[in-house]
Each structure stands twice: as C-alpha cells, then as structure tokens.
Amino acid sequence: MTDLNFVRVEWDGELAVVTIDRQDKMNALNAEVIAELGQVFAELRSDDDVRGVILTGAGERAFVAGADIGELATMDAVTGVQVSREGQEVFLAIERFPKPVIAAVGGYALGGGCELALACHIRMASDNARFGLPEVGLGIIPGYGGTIRLGRLIGLGRAIELTLTGDHVAAERAATIGLVTSVVPRGELLDKAKELGRRITRHGPVALRMALESIYRGADSPMADGLTFESSLFGLLASTDDMKEGMTAFLEKRSPDFKGR
Ligand code: COA
37 MTDLNFVRVE
47 WDGELAVVTI
57 DRQDKMNALN
67 AEVIAELGQV
77 FAELRSDDDV
87 RGVILTGAGE
97 RAFVAGADIG
107 ELATMDAVTG
117 VQVSREGQEV
127 FLAIERFPKP
137 VIAAVGGYAL
147 GGGCELALAC
157 HIRMASDNAR
167 FGLPEVGLGI
177 IPGYGGTIRL
187 GRLIGLGRAI
197 ELTLTGDHVA
207 AERAATIGLV
217 TSVVPRGELL
227 DKAKELGRRI
237 TRHGPVALRM
247 ALESIYRGAD
257 SPMADGLTFE
267 SSLFGLLAST
277 DDMKEGMTAF
287 LEKRSPDFKG
297 R
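For what it's worth, this note's numbering labels the leading residue of the sequence shown as 37, then goes sequentially.
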C-alpha cells in the first residue's frame, strides 16, 4: 500500500486491519480519506492472502465522526451529488467486498461514520460507542447510503425516528435494536473483533463469499429470484475443492484446510 496519509493497513495472519487515522478531526471522512479507503479495499480485494478485514478508527474517541463538515460546507448542488456518489461507490465496494468485513466501532460513529459501519458485514461496538445520523441538524440528509441501509438493518420505523431526530444511540441500545451484534469493553475491542474474524475466516473462503453474495442479492430481490440465485450458488459450490475438503475433513474427523478454490 503506497501513498496513504489517513488509512493504515496492518496484517494479523489472514486478517487485514484497516484503521482510519485522522484523530485531530475525530477521523472525519474528507475526500482523501474516502479515496484512500477505496484504494485500500481495491487492493485487498485481489490479495489472496487476505481472508477477512477489520475496519476501525484510530484513538479512543471515535470510529468516524462523520463526513468532513468543513469540506461539505463548500459544496454546491453539482459537487454535492458528486460527493455523495463517490462516497456511495466506496461504501458499496465495502458492502460487496468478497471477504467478510467487520466494523470494530469504538467511540463516535456519526453521520458518514455510522453509514460506513452500516456498509460493513458485521458491526461490533465498544461500550463507549455512540451511533447517530445527525445530518438533518446540518440541513442535509445522510448521503452515503444511510437512508437506505439503516432501515433495511433495523426496520423503517426506528430508522425514520433516528434519521429525523438525529439522536445518538449508545452501544447497549444499538445492540438491542440490531444496529450492532455485540458490545465489548473498549480495551478489548480490537482483540474481540479479530477473534470473531478468525472464527469466520477458518471457514471456506468461497463459501463465505457466496453466502454474502446470496444474502445481499436476496435482500434486493423478490423471494423467488433470491431462492433461484441461492440454488445456483449452492450448486456451484459443489464444484469447488473447498467443498470436497470440508466434507472429507468432517468424515475423517480432522480440521479442514481450505484453499479458497
Ligand atoms: N467534520 C469535521 N471536523 C470534525 C467532525 C466532522 N464531522 N467531527 C469532529 N470534528 C473536529 C472538530 O471540529 C474539532 O476540530 P478542532 O479541534 O480543529 O476544532 C475536533 O474534531 C474535535 O471535535 P470536538 O467537537 O471538539 O469534540 P467533542 O468531544 O466536543 O464532540 C462530537 C465530539 C463527535 C460529538 C462532535 O465533534 C460532533 O458533533 N461532530 C460532528 C458530527 C456530525 O455532525 N457528523 C455528521 C457530519 S455529516
């Protein structure tokens, strides 16, 4: 990874830990951070040594406190659409990333930060995490997919209330409404996220990729189309070495050694 100013990538075995590091601005997403995130996920996508990604924010106080308000303040109607589309594109690439992406959310995940977490496949929060979509207080709406993804995740009723009030939601409440799947002590966040990542990435990479594909395609399709797509992927997996290895290993009472083929 070359020429990165605000995003760090570290490796922990087969997991890539991607850290947004712009601490003086609470890791707010300016155009450079968005572009670097796009670059990093594009490179990790084709790296066969990476089987999963943890996405987190540097420092104790914030995952990401939103899009950079200083930058947004200068936009006009045309650049506003552009800013929104560029962010949406990067966040969609994260959602469609072919390997599991876990958001490890410590501190504030507001506005674009909340939307970024929503684009990840799994969200784990620290006990000091706070989520919210405060955009309407700035005279705008969430523009990186938040008006679409939040309702799909937690239901329209709660999503509408959170979007219109701009209220913050603390970690425990976020877990209760399904915005995150687990809450852990702040000091243990990264270790717990990695532990979860390792529990997932020991499974067959092709199966993981196709499970994600089927789930997201299914969420966008009528039931009959989703089921047809699921069957196709199910059949396709029967042609993989990973399926043979997984089933042989079970029958031979040993751990599988998946190659991702
Ligand atoms: N964009 C740009 N800068 C931001 C930012 C954002 N979204 N969020 C925080 N910052 C900056 C602050 O301007 C401040 O910079 P400064 O020290 O140069 O003045 C620095 O980060 C620290 O933030 P500060 O507000 O002093 O910390 P706090 O603890 O009092 O409050 C927040 C923390 C997150 C509650 C508060 O910063 C906030 O509400 N941020 C904006 C959240 C938001 O509306 N996001 C959606 C944007 S679309």
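Backbone N, C-alpha and C define an ideal beta-carbon position, used for all residues, glycine too.
Taking 7 Å as the line, does the beta carbon of residue 101 fall inside it for any heavy atom of the ligand COA?
Indeed, a heavy atom of the ligand COA lies less than 7 Å from the Cβ.
Check whether the Cβ atoms of residue 153 and residue 139 sit closer than 8 Å, and answer yes or no.
Yes.
When burial is assigned at 16 or more other CB atoms within 10 Å of the CB, is residue 246 buried or exposed?
Residue 246 should be labelled buried.
Tell me whether the segment 140 to 160 and the segment 90 to 105 touch, counting them as touching only if at least three CB pairs, one residue from each stretch, are closer than 8 Å.
The segment 140 to 160 is in contact with the segment 90 to 105.
Taking only three categories from DSSP, how would you classify residue 294?
Coil at residue 294, not helix or strand.
Please identify the residue among 53, 193, 60, 179 whose C-alpha is closest to the C-alpha of residue 121.
Taking only the C-alpha atoms, the option nearest residue 121 is 179.
What's the C-alpha gap between residue 203 and residue 195?
Distance between the alpha carbons of residue 203 and residue 195: 11 Å.
Grouping DSSP H, G and I as helix and E and B as strand, with all else coil, what is residue 50?
Three-state DSSP puts residue 50 in coil, outside helix and strand.
CA-CA distance, residue 234 and residue 218?
In a straight line, the C-alpha of residue 234 is about 16 Å away from that of residue 218.
Suppose the cutoff is 6 Å on Cβ atoms and the five residues either side in sequence are ignored; what does the same chain contact list for residue 187 look like?
Hits under 6 Å: 195.
Between the alpha carbons of residue 176 and residue 199, how many angstroms are there, rounded?
Their Cα atoms are separated by approximately 11 Å.
Answer yes or no: do residue 278 and residue 296 have a C-beta to C-beta separation smaller than 8 Å?
Yes, the Cβ-Cβ distance between residue 278 and residue 296 is below 8 Å.
Counting C-beta neighbours from all protein chains within 10 Å, is the total for residue 192 16 or more, i.e. buried, or is it exposed?
Burial call: exposed.
What does a CB cutoff of less than 8 Å around residue 78 pick up in its chain, not counting 5 residues either side in sequence?
If we look at residue 78 and ignore the five residues flanking it on each side, its Cβ neighbours are 129.
Just checking residue 252 against the ligand COA - is the residue's beta carbon closer than 7 Å to any of the ligand's heavy atoms?
Checking the Cβ of residue 252 against the ligand COA gives no.
Can you tell me where the alpha helix (DSSP H) holding residue 212 begins and where it ends?
Run containing residue 212: 207 to 212, per the alpha helix (DSSP H) assignment.
Would you give the residue range spanned by the beta strand (DSSP E) that residue 218 belongs to?
218 to 220 is the span of the beta strand (DSSP E), which, as asked, contains residue 218.
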